[in-house]
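Numbering (our numbering), first residue to last: 55 to 127.
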């Protein structure tokens, strides 16, 4: 069973899920996100600033392990 942590934004209307079994914490999502949605905490990506998301999907495309699921992508 996947270990997926989810963040939801009612303001933006999107959900981001990160599969912690796949996430290696290399911060590609942090680097490519133009609105700083992501942070790495304890070696895993997190999306504490999801309300800033512009739904560009750069994070999904950049993740080398396909750990990010985005409701808009």
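Virtual Cβ for every residue (Gly too), placed ideally from N, Cα, C.
Assignment of beta-bridge partners to residue 99 by DSSP yields 94. In the three-state scheme derived from DSSP, where H, G and I count as helix and E and B as strand, residue 109 is classed as coil. Residues of the same chain with a CB within less than 8 Å of the CB of residue 88, apart from the 5 flanking positions on each side, are 108, 110, 112 in chain order.
Rounded to the nearest whole angstrom, the CA to CA distance from residue 84 to residue 66 is 19 Å.
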